[in-house]
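Written out as structure tokens, the structure is:
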């Protein structure tokens, strides 16, 4: 640095001396002093360049130049605050939206799960294409306990493997009875996940011994809520489902079980001596051995499936190889993929649309800058004439646009923060990993990159156009606006066409979502007026009421109390309401009048239980026949109801089903079909209604002599105008507790909540696309308005001449409108093709409408063309009012 | 400067200016104008040095520590900056000269294969 300063300090002086000496030499050769000096200067060349180049040798000059450019850019921006404000705000919205969506995409889709070496974790997903009825069952074929033992003992590709399921448990003895979220795990699950406990220890193999000491682990949240984070809870006992369990450990704060929040973890403690082949009710999870791949693991499981069939049985006289017809096939997936599920399509679509909005914003800014640069053409031409290289001018212009990008970006970060809060509050409750979404350094890095890139993108178009070597021509031409040359407008017109095309794509996708939503609303879900249908779930554990009939009598008593609450029109219960998402039972059903071949298993049907009065309470239509009565239930009468689609499949018409007989297995007596119920969208409005068999909540055990079978966990449905209000809920609780004070209420909500959650994905997508599309429309309209009004202002002289020569103001109006219409139609034309291609990506999000829905396309095209024409109309009106005299004097 | 004269003169190849400066300074320290004059004079005015470009070249050489700069007084008693070859510069000159010779020979052989002698 010092050397540099010393050498550079008298460079000016030195160059002056140089020229002096050269002049003197020339004089000595006999030139006149004037000529001598001229020749010397000429011979020296560009003094400024020589100085700059000398300085540049000592480099970091690029930094100095950058700072200089930045200072200059800021000065230029602050000179036109209106332009700067519009530009920065446009960018802030675009960048903010993108940063917000990126933070969601990054947190949900890109970041690894919060477990050690989480890439080794897999979900043991398997399908059974031979077992019809399971096909649309989201979880595929779950694992049975015998499968777990086989896989755990015989595998070659897993470090550890286990099964789990989630449910609820009643905790008593800690004040009010409370229903908590429980996860039940086999040995190997915690070991696979690998997150060490925060306090205490994991379950050991000894804790999994049936009828051994009962143990439990707590979540960090539950530990804080119930025990105030007291570390001495280890070793204490709590009552879970009337069973005393010793607390052995607490999981750490940010530990989530796969993707669910939970309160307690308890061991499954399978009794190895008593498990059978069946009982497919558990999720499998495993950690792959180092170096093992998913195809290897699939092959490993496929090998073990036949070992499993040979090792276990469903009891004497049953053929274990009947499961061969199920074609059980492992389809192991990374745990992350299992958790993310199908939300990635939604998120990528949202990311894509918001990216398009960003492009439209950039196009708008490029247009603004084109106009701005055009008015600065003279300045640029002067700078070029004074010796600024075109690279240098390019850099000046780009610095300015990148500065705009950065300003917009920093404001955008604030907007993104607000956006993320908005997303979290409106986002679908079933968006996985919701709690992990944050605005972190990765998002900030993305925002910075986006700001700079967008600055370069929208700055490059005007910069290349005007900083080019031809800039000097402008010195002569600028200042006159004779005939706005086509060439000058081409860039702007192209930008507008692009904007309209992109806006078209976005509005079409929003339109398709609206049509999807409309289609969903016309679907009969199998209940009516969910707003006024209060739901709650109650479990009556074995330890509280042992005798099966007494369970149903207790539930019946609760119904009587509920019906007595003022404002309640009817009340009933069922095993689960549609779309509640509780795992339901599936099994095959045999009809008396059908012939079944040996060794085949008929399709699986959904099994549900209904109390009398349910159809009236829920608003479900009875197609034909009648409901069960209480006396039939208590009398264990062999009666059953079926869904309309099952009746049609088996007997052709609903009425033909009445009086027919069904049974689950040969040991069960035939059950008479007494009623047919409308199809119900059990798994969501977009999913096909499953075939359902409706049983009595209290029935003889179909598997032969044994205890009577009773539905202990049921959802109560109460029809009342007061549903959802706090006062009503208090009365409901009081009614339940007047029957039995130890019964906790869970999942208290209205049917409308359940329905809303089920369509949350669709409505979330709709809201996001709606926002993106309206932004696109607004930006597109502004863009086309700007271009047309600028064109008009450039054509003032031409219009003036036309008017002076006798053109009617109507002709002028149509001339301007034609110009706008041309751009809009071209944009729409291109947009149709782009949308045709892009909408196909959305197919999985659509329902009841094709990706090429002509109605949507036509409406959007009409909308866009008319809106753009309106945007042209305003400047066109202005052009009509031009006074020829003024216009001609204008120059 | 007439067009004819321009044709007679040759613009310097990129980088050769550095070499010429080093060569000039072998004879002793000199100031900028003297260096420019010496290059032109020694080449019988064939080589055209845009004198302005001399200065960035000088700074380049100083930065590489091949020459050094010091204050002094010019022949007509003006204060001037003198440039002097350093030991490092001397070594570099030898290196660059042999490189240049090789290059010139090679190009010569290609351009006039018959005059290049047996090869």
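Residue numbers (the working numbering), protein chains in the order written: chain A, 1 to 891; chain B, 892 to 1010.
From the three backbone atoms N, C-alpha and C, an ideal C-beta is built for every residue, glycine too.
When DSSP builds the beta bridges, which residues end up paired with residue i?
i: residue 573 of chain A; result: A:716
i: residue 973 of chain B; result: B:961
i: residue 967 of chain B; result: DSSP output for residue 967 of chain B lists no bridge partner at all.
i: residue 610 of chain A; result: A:574
i: residue 184 of chain A; result: A:165, A:266
i: residue 672 of chain A; result: A:639, A:661
i: residue 538 of chain A; result: A:714
i: residue 625 of chain A; result: A:675
i: residue 423 of chain A; result: Residue 423 of chain A pairs with nothing; no bridge assigned.
i: residue 287 of chain A; result: A:121, A:160
i: residue 216 of chain A; result: A:247
i: residue 143 of chain A; result: A:282
By a C-beta neighbour count over all protein chains shown, 10 Å radius and 16 as the cutoff for buried, is residue i buried or exposed?
i: residue 592 of chain A; result: exposed
i: residue 608 of chain A; result: buried
i: residue 843 of chain A; result: exposed
i: residue 480 of chain A; result: Unreliable placement is indicated for residue 480 of chain A, whose pLDDT of 45 sits below 50; no coordinate value is reported for it.
i: residue 73 of chain A; result: buried
i: residue 1009 of chain B; result: Per-residue confidence for residue 1009 of chain B stands at a pLDDT of 46, beneath the threshold of 50, marking its modelled position as unreliable; the derived number appears in the next sentence. With fewer than 16 other Cβ atoms within 10 Å, it is exposed.
i: residue 129 of chain A; result: exposed
i: residue 643 of chain A; result: buried
i: residue 561 of chain A; result: buried
i: residue 187 of chain A; result: buried
i: residue 885 of chain A; result: exposed
i: residue 665 of chain A; result: exposed
i: residue 263 of chain A; result: buried
i: residue 576 of chain A; result: buried
i: residue 957 of chain B; result: buried
i: residue 808 of chain A; result: exposed
i: residue 902 of chain A; result: Because chain A spans 1 through 891 in this model, residue 902 of chain A falls outside it and cannot be assessed.
i: residue 655 of chain A; result: exposed
i: residue 911 of chain B; result: buried
i: residue 35 of chain A; result: exposed
i: residue 124 of chain A; result: buried
Under 8 angstroms, Cβ to Cβ, is there at least one residue of chain D near residue i?
i: residue 21 of chain A; result: You won't find chain D in this structure, because its protein chains are A and B.
Just the Cα atoms here: how many angstroms apart are residue i and residue j?
i: residue 790 of chain A; j: residue 514 of chain A; result: 36 angstroms
i: residue 893 of chain B; j: residue 984 of chain B; result: No answer about residue 893 of chain B holds up, because its pLDDT of 41 lies below 50 and its placement is not dependable.
i: residue 876 of chain A; j: residue 678 of chain A; result: 60 angstroms
i: residue 299 of chain A; j: residue 306 of chain A; result: 12 angstroms
i: residue 748 of chain A; j: residue 537 of chain A; result: 7 angstroms
i: residue 578 of chain A; j: residue 527 of chain A; result: 8 angstroms
i: residue 525 of chain A; j: residue 372 of chain A; result: 57 angstroms
i: residue 408 of chain A; j: residue 365 of chain A; result: 12 angstroms
i: residue 676 of chain A; j: residue 716 of chain A; result: 21 angstroms
i: residue 434 of chain A; j: residue 763 of chain A; result: 17 angstroms
i: residue 82 of chain A; j: residue 198 of chain A; result: 56 angstroms
i: residue 136 of chain A; j: residue 827 of chain A; result: Caution is warranted here: a pLDDT of 40 is assigned to residue 136 of chain A, below 50, making its placement in the model unreliable, and no coordinate value can be reported.
i: residue 586 of chain A; j: residue 711 of chain A; result: 15 angstroms
i: residue 249 of chain A; j: residue 145 of chain A; result: 25 angstroms
i: residue 302 of chain A; j: residue 149 of chain A; result: 15 angstroms
i: residue 326 of chain A; j: residue 604 of chain A; result: 11 angstroms
i: residue 385 of chain A; j: residue 379 of chain A; result: 10 angstroms
May I ask whether a heavy atom of the ligand FAD can be found less than 7 angstroms away from the beta carbon of residue i?
i: residue 568 of chain A; result: Within the structure as shown, the ligand FAD is missing, as the structure has no ligands at all.
Completely contained beta strand (DSSP E) runs for the region 728-768 of chain A, where each covers 3 or more residues: Correct list: 746-750.
Ranges of the alpha helix (DSSP H) found wholly within the region 760-844 of chain A, counting only runs of at least 4: The qualifying runs are 760-794, 796-804, 809-839.
Residues of the region 371-398 of chain A with Cβ closer than 8 angstroms to any Cβ of chain B, in chain order: So nothing in the stretch comes that close.
Near-chain B residues of the region 410-425 of chain A - C-beta to any C-beta below 8 angstroms: Hits within the stretch: zero.
Minimum length 4: unbroken alpha helix (DSSP H) runs contained in the region 341-385 of chain A: For the region 341-385 of chain A, whole alpha helix (DSSP H) runs of length 4 or above, ordered along the chain, are 343-375, 377-385.
Interface positions of the region 24-51 of chain A facing chain B (Cβ-Cβ less than 8 angstroms), listed along the chain: Against chain B - using a Cβ distance shorter than 8 angstroms - the residues of the region 24-51 of chain A are 24, 25, 43, 44, 45, 46, 47, 49, 50, 51.
Under 8 angstroms (Cβ pairs) to chain A, residues found in the region 946-966 of chain B: Under the 8 angstroms Cβ criterion, the region 946-966 of chain B contributes 946, 947, 949, 950, 951, 953, 954, 960, 965.
Contact list for the region 966-980 of chain B against chain A, Cβ threshold 7 angstroms: Here the close residues are 969, 971, 972.
Proximal residues, the region 908-925 of chain B versus chain A, C-beta separation under 7 angstroms: Listed by position along the chain: 923, 924.
Near-chain B residues of the region 798-816 of chain A (beta-carbon distance less than 8 angstroms), N- to C-terminal order: Per Cβ criterion, the list is empty.
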